[in-house]
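J.: One structure coming up, written as structure tokens, with questions to follow.
In UniProt numbering, the protein residues as written are 1 to 97.
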């Protein structure tokens with residue numbers, strides 16, 4: 001049910017993002033097919049094995065592929081959030097956060 005909900009909501013959102021192993025949910029929904037993605041480094045091999053349509057990268061702290069963003073571990077999610085703030089409100093505001 002959650003996978004279908006994410007898939008349905010993706011048609012009504014400007015962008016989707018995952019932090020850490022949340023990439024597994026986005027991958028299960030098909031939203032990451034053909035994309036470069038990030039997840040926690042300890043789960044990269046598993047994500048690549050379960051979802052061969054993805055290009056899983058272990059080094060980036062986050063990756064943007066169009067309207068979909070994925071980040072590595074939980075702390076990297078902070079960097080992803082700041083990048084979203086910068087995209088929406090500009091660098092000056094992001095630096096103040």
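C-beta: ideal position from N, C-alpha, C; glycine also.
With residue 6 as the anchor, note down where its alpha helix (DSSP H) starts and where it stops.
T.: 2-9
J.: Tell me which same chain residues have a C-beta within less than 7 Å of the C-beta of residue 19, skipping the five on either side of it?
T.: 71, 74, 77 and 80
J.: According to DSSP, is residue 94 part of a helix, a strand, or is it coil?
T.: helix
J.: Tell me whether residue 13 sits in a helix, a strand or coil according to DSSP, three-state version.
T.: coil
J.: Counting only runs that start and end within the UniProt domain "DJ-1/PfpI" (2-87), where is the beta strand (DSSP E) found for 3 or more residues in a row?
T.: Taking 3 residues as the shortest admissible run, the UniProt domain "DJ-1/PfpI" (2-87) contains the following complete beta strand (DSSP E) segments, listed from N- to C-terminal end: 16-18, 62-65 and 68-71.
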